[in-house]
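Residue numbers (my numbering): 189 to 701. The beta-carbon is built from N, C-alpha and C at its ideal position, and this holds for glycine as well. The structure appears right after this line, and notes come after that.
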Amino acid sequence: MNLHRRDLNRAALWLALCGWSAARPARAQPAPRWRSNPFTLGVASGQPRPDSVVLWTRLAAEDEPGFDDLQRCAVRYEVFGDAELRRPIAQGEVQAEAAHAFSVHVHARGLAPQREYWYRFSCGDAQSPVGRTRTAPAADAAVPRLRFALASCQNYEHGYYAAHGEIATRELDFVLFAGDYIYEGSSQGPVPRRHGAPIPVTLEEYRARHALYKRDADLQAAHAAHPWILTWDDHEVVNDYANDRDPAYTEPALFLQRRAAAYRAYFEHMPLLLPPQGAAMRIHDRFAWGRLAELWTLDCRQYRSHHACPDPARDWGRLVIGCEALADPSRTMLGADQSQWLAQGLAASGRQWKLLGQSSQMSPTSLEAPRGRQFWTDGWDGYPEARRQLLQGIGEGGIRDVVVLGGDVHRYVAADLRVVPNDPASPVVASEFVGGSISSRGASLTSMEWLRRDNPDVVHARGDERGYAFIEATPKAMHCEFRATAHPAVADARFHTQARFAVEAGRAGVKPA
Numbered sequence: 189m190n191l192h193r194r195d196l197n198r199a200a201l202w203l204a205l206c207g208w209s210a211a212r213p214a215r216a217q218p219a220p221r222w223r224s225n226p227f228t229l230g231v232a233s234g235q236p237r238p239d240s241v242v243l244w245t246r247l248a249a250e251d252e253p254g255f256d257d258l259q260r261c262a263v264r265y266e267v268f269g270d271a272e273l274r275r276p277i278a279q280g281e282v283q284a285e286a287a288h289a290f291s292v293h294v295h296a297r298g299l300a301p302q303r304e305y306w307y308r309f310s311c312g313d314a315q316s317p318v319g320r321t322r323t324a325p326a327a328d329a330a331v332p333r334l335r336f337a338l339a340s341c342q343n344y345e346h347g348y349y350a351a352h353g354e355i356a357t358r359e360l361d362f363v364l365f366a367g368d369y370i371y372e373g374s375s376q377g378p379v380p381r382r383h384g385a386p387i388p389v390t391l392e393e394y395r396a397r398h399a400l401y402k403r404d405a406d407l408q409a410a411h412a413a414h415p416w417i418l419t420w421d422d423h424e425v426v427n428d429y430a431n432d433r434d435p436a437y438t439e440p441a442l443f444l445q446r447r448a449a450a451y452r453a454y455f456e457h458m459p460l461l462l463p464p465q466g467a468a469m470r471i472h473d474r475f476a477w478g479r480l481a482e483l484w485t486l487d488c489r490q491y492r493s494h495h496a497c498p499d500p501a502r503d504w505g506r507l508v509i510g511c512e513a514l515a516d517p518s519r520t521m522l523g524a525d526q527s528q529w530l531a532q533g534l535a536a537s538g539r540q541w542k543l544l545g546q547s548s549q550m551s552p553t554s555l556e557a558p559r560g561r562q563f564w565t566d567g568w569d570g571y572p573e574a575r576r577q578l579l580q581g582i583g584e585g586g587i588r589d590v591v592v593l594g595g596d597v598h599r600y601v602a603a604d605l606r607v608v609p610n611d612p613a614s615p616v617v618a619s620e621f622v623g624g625s626i627s628s629r630g631a632s633l634t635s636m637e638w639l640r641r642d643n644p645d646v647v648h649a650r651g652d653e654r655g656y657a658f659i660e661a662t663p664k665a666m667h668c669e670f671r672a673t674a675h676p677a678v679a680d681a682r683f684h685t686q687a688r689f690a691v692e693a694g695r696a697g698v699k700p701a
């Protein structure tokens, strides 16, 4: 389902008022000549609808003489109906503005449903790489299958993006990215590659961090090959932030200035439609794939309650024992408005598979410790009442075929979701897959054995390998294949299938496949 009309109108208004690049008919302008190609960050597409996609690029030519003095530049876009670029479908011109890092967002509309398109940009005598995108099927279409990759957590310093290289070669309808696109912090000790810059705080610093990541050839290939649907987690701003609070307990007004800079840089580097408004940015959204599936992307950071029982002396206050505040029913992960939007959407959905794309692990992760049960409060275990209300609504509403998709935890997870976690008397109402991490380091096999021991709802957990998940949905079942490598520091690492799981239509719970 498309965004509400008021959101589209608001997007158009902000594009106009704030100077974000907006498409207009092609017209003649003096053509700049470049010493080197300015399309160094590649191209991308996203937010696939039956009649539209968002196309993205950014001019990044800091070494070009005179580029620092340039205020705006006309960028031409072209959309084609064939890979040979012989059948033009649409074309136009946008103004890339220095005030917005010369980023370009084109809302390509009037397209046919369930079709592949190819696109490119040009500026003067320079031309971008060619990207391929795909529209969603018509809302009432009988779709035989949906294929997508689930990816997250791509710390530049922890390894290379060979997983994206493999994703680029697969036949997919889209890539679902579940957060931690960039990392703000840097690592101690030996790593395959370095950020080479301080922790970002300002807009320019966040822009530079995004540009560093976008220059990776494998990441560019995955963006150019498929449309992406994105949500964020914490590292796009700072580790473990919650609403207007960061782990350092910075004055909220000051932290929100940093959050505004991070959100703006994020928008400038992603194929998204709605720009931020200061420190606020709507990223939760809803996508339909014919009658087969509906996907809700959720924002688990911007609207959440602060962490319960913070204790700066212990893991930044995120691991707690005996925290009564966890049971407070007013504590929220999604915020009241987003929670209501999701609950109403799930209840009204007539599509078979209901997918929740969010940025963490929803199944339980608590562990038995000498002093009692230990809970990690940055994930859903830190918001147990919010999780219970969501899953109880699914169960009591008779909403079938709900699959939660996550990231954040740097491990592969297949799990059953119950209203009361780990209680065999509580029925399984949904299923969960977490797709590992592209490069970010994870936990040992031993710690994952403890996790499964103390949480029987978790059927599979591996944190020792890196990669992504390949997911295919049909009217009969959803299959998940965990693609993994033990060698993320090898630029051309090869991937194997770590495990396969399936969810049968009409029956919640994961089974080995």
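- Apply the 10 Å Cβ neighbour rule to S548 and answer buried if 16 or more other Cβ atoms are within range, or exposed otherwise. Sequence index remark: in the sequence shown, residue 548 carries index 360 (1-based). The residue in question, S548, is buried, as its Cβ has 16 or more Cβ neighbours within 10 Å.
- Task: Apply the 10 Å Cβ neighbour rule to P238 and answer buried if 16 or more other Cβ atoms are within range, or exposed otherwise.
- Result: Start at 1 with the first residue of the sequence shown, and residue 238 comes out as number 50. Buried: at least 16 other Cβ atoms inside 10 Å.
- Query: Q532: buried (16+ other C-beta within 10 angstroms of its C-beta) or exposed?
  - Reply: As a first step, residue 532 must be located in the sequence shown, where it is residue number 344. Classification for Q532: exposed.
- Ignore the nearest five residues each way along the sequence and tell me which others in A284's own chain have a CB closer than 6 Å to its CB. If you number the sequence shown from 1, residue 284 lands on position 96. S209, L247, C261, V263, F290 and V292, listed in sequence order.
- Task: Express the C-alpha separation of R297 and L460 in angstroms, rounding to a whole number.
- Result: Counting from one through the sequence shown, the residue named residue 460 turns up at place 272. Counting from one through the sequence shown, the residue named residue 297 turns up at place 109. Taking the straight line from one Cα to the other gives about 14 Å.
- Query: If you drop the 5 nearest sequence neighbours on each side, which residues of the same chain put their C-beta closer than 7 Å to that of A286?
  - Reply: The residue given as residue 286 occupies position 98 in the sequence shown. Excluding positions up to five away in sequence, the list reads L258, Q259 and R260.
- DSSP bridge partner residues for H648 (one or two, in chain order): Reading the sequence shown from its first residue, position 460 is the one you call residue 648. A602.
- Answer yes or no: do G319 and S233 have a C-beta to C-beta separation smaller than 8 Å? Residue mapping note: residue 319 aligns to position 131 of the sequence shown, counting from 1. Residue mapping note: residue 233 aligns to position 45 of the sequence shown, counting from 1. It is a contact, given that the beta carbons lie within the stated cut-off.
- The alpha helix (DSSP H) enclosing F455, as first and last residue numbers: By one-based count along the sequence shown, residue 455 stands at place 267. Looking at the DSSP string, the run of the alpha helix (DSSP H) that includes F455 is P440 to E456.
- Message: If you reduce the DSSP assignment to three classes, tell me which class M469 lands in.
- Response: Locating residue 469 in the sequence shown gives position 281, where the first residue counts as 1. Coil, per DSSP.
- To which residues of the same chain is P213 closer than 8 Å at the C-beta, ignoring the five residues directly before and after it? Translated into positions along the sequence shown, residue 213 becomes position 25. Here P213 scores only 45 on pLDDT, less than 50, and its place in the model should not be relied on; the value that follows carries that caveat. Same-chain partners within the cutoff: G280 and E281.
- Cut-off 8 Å between Cβ atoms - residues of its own chain near G560, not counting five sequence neighbours on either side: On the sequence shown, position 372 is the one that residue 560 refers to. Its chain contains I509 and G510 as the residues whose beta carbon lies nearer than 8 Å to that of G560, once the 5 sequence neighbours on both sides are disregarded; these appear in chain order.
- Query: Since W484 and L555 are thought to touch, with beta carbons under 8 Å apart, how far apart are those beta carbons, to the nearest angstrom?
  - Reply: The count along the sequence shown starts at 1 and reaches residue 484 at position 296. The count along the sequence shown starts at 1 and reaches residue 555 at position 367. Contact flag wrong, Cβ pair sits at about 30 Å.
- Are A271 and P301 closer than 8 Å when you measure CB to CB? One-based indexing of the sequence shown puts residue 271 at position 83. One-based indexing of the sequence shown puts residue 301 at position 113. Against a cut-off of 8 Å, the Cβ pair of P301 and A271 comes out as no contact.
- Message: To the nearest angstrom, how far is the alpha carbon of A574 from that of L273?
- Response: To locate residue 574, count along the sequence shown from 1; it is residue 386. To locate residue 273, count along the sequence shown from 1; it is residue 85. The alpha-carbon atoms of A574 and L273 are separated by roughly 49 Å.
- If we call anything under 8 Å between Cβ atoms a contact, is G367 one with T419? As a position in the sequence shown, residue 367 is number 179, starting the count at 1. As a position in the sequence shown, residue 419 is number 231, starting the count at 1. The answer is yes: Cβ separation under 8 Å.
- Looking only at C-alpha atoms, which of A687, S627 and H648 sits nearest to V379? Taking the first residue of the sequence shown as position 1, residue 379 is located at position 191. Closest option to V379, Cα to Cα, is S627.
- Query: Using CA coordinates, which residue listed in R333, A330 and I355 is at the minimum distance from S340?
  - Reply: By one-based count along the sequence shown, residue 340 stands at place 152. If we check each option's Cα against that of S340, I355 comes out closest.
- Given Y394 as reference, the closest of A409, D406 and I370 once Cα atoms are compared: Working through the sequence shown from its first residue, we reach residue 394 at position 206. Measuring from the Cα of Y394, the nearest candidate turns out to be I370.
- Task: Compute the Euclidean distance between the alpha carbons of I587 and L534, then round it to the nearest angstrom.
- Result: The sequence position of residue 587 within the sequence shown is 399, counting from 1. The sequence position of residue 534 within the sequence shown is 346, counting from 1. Looking at the two C-alpha atoms, the distance is approximately 7 Å.
- Message: Can you tell me whether R193 is buried or exposed? The criterion is at least 16 other CB atoms within 10 Å of its CB, across all chains shown.
- Response: In the sequence shown, the residue the question calls residue 193 occupies position 5. Reliability fails at R193, whose pLDDT of 44 lies under 50, so the model's placement of it is uncertain and the value that follows must be treated cautiously. Within a 10 Å sphere around the beta-carbon of R193 sit fewer than 16 other beta-carbons, which makes this residue exposed.
- Which residues in the same chain have their Cβ closer than 8 Å to the Cβ of A601, if we skip the five residues on either side of it in sequence? Reading the sequence shown from its first residue, position 413 is the one you call residue 601. Per the sequence shown, residue 601 should be read as Val rather than Ala. Excluding sequence neighbours, V601 sits near Q549, S551, G594, E620, F621, V622, V646, H648 and A649.
- Which ranges does the beta strand (DSSP E) cover as unbroken runs of at least 3 residues, wholly within the region 489-569, from first to last along the chain? 507-509, 541-545, 555-557 and 560-564
- Query: Does the Cβ of T685 have 16 or more other Cβ atoms within 10 Å, making it buried, or fewer, making it exposed?
  - Reply: Translated into positions along the sequence shown, residue 685 becomes position 497. So T685 ends up on the exposed side.
- Using 10 angstroms around the beta-carbon of Q528, count the other beta-carbons present and answer buried if the total reaches 16, otherwise exposed. As a first step, residue 528 must be located in the sequence shown, where it is residue number 340. Q528 should be labelled exposed.
- C-alpha gap between G581 and N643, whole angstroms: To locate residue 581, count along the sequence shown from 1; it is residue 393. To locate residue 643, count along the sequence shown from 1; it is residue 455. Their backbone Cα atoms lie some 22 Å apart in a straight line.
- Query: In chain order, which alpha helix (DSSP H) runs of at least 4 residues are fully inside the region 570-627?
  - Reply: Qualifying alpha helix (DSSP H) stretches, in chain order: 572-584.
- Use the C-beta contact count for T673: other C-beta atoms within 10 angstroms, 16 or more gives buried, fewer gives exposed. Here residue 673 is taken as the residue at index 485 of the sequence shown, counted from 1. When all chains shown are included, T673 counts as buried.
- Task: Check F683 in the structure and name its three-state DSSP category.
- Result: Reading the sequence shown from its first residue, position 495 is the one you call residue 683. Shown here, F683 sits in coil according to DSSP, grouped into three states, outside any helix or strand.
- Item | Beta-carbon proximity check, A430 vs H494, cutoff 8 Å | Translated into the one-based positions of the sequence shown, residue 430 becomes position 242. Translated into the one-based positions of the sequence shown, residue 494 becomes position 306. Yes.
- Item | Nearest candidate by alpha-carbon position, reference V294, set G697, L243, P700 and F268 | Position 106 of the sequence shown, counting from 1, holds the residue named residue 294. The shortest C-alpha separation from V294 is found at L243.
- Task: Would you mind sorting D406 into buried or exposed? The rule is 16 or more other CB atoms within 10 Å of its CB.
- Result: Along the sequence shown, read from residue 1 onward, the residue named residue 406 stands at position 218. Buried, by the Cβ-count rule.
- Task: Measure the alpha-carbon distance for D256 versus R682 and round it to whole angstroms.
- Result: Within the sequence shown, residue 256 is the residue found at index 68, counting from 1. Within the sequence shown, residue 682 is the residue found at index 494, counting from 1. Each residue's alpha carbon lies about 41 Å from the other.
- Query: Do R671 and S625 have their C-beta atoms within less than 8 Å of each other?
  - Reply: Indexing the sequence shown from 1 puts residue 671 at position 483. Indexing the sequence shown from 1 puts residue 625 at position 437. No, the pair does not count as a contact, with Cβ atoms beyond the cut-off.
- Taking the C-alpha atoms as reference points, what is the distance between T357 and A515? Numbered from its first residue, the sequence shown carries residue 357 at position 169. Numbered from its first residue, the sequence shown carries residue 515 at position 327. T357 and A515: Cα-Cα distance of roughly 46 Å.
- Task: Could you tell me if V678 is buried or exposed, where buried requires 16 or more neighbouring beta carbons within 10 angstroms of its beta carbon?
- Result: Here residue 678 corresponds to residue number 490 of the sequence shown, with the count starting at 1. Counting of Cβ neighbours within 10 angstroms places V678 among the exposed residues, the total staying below 16.
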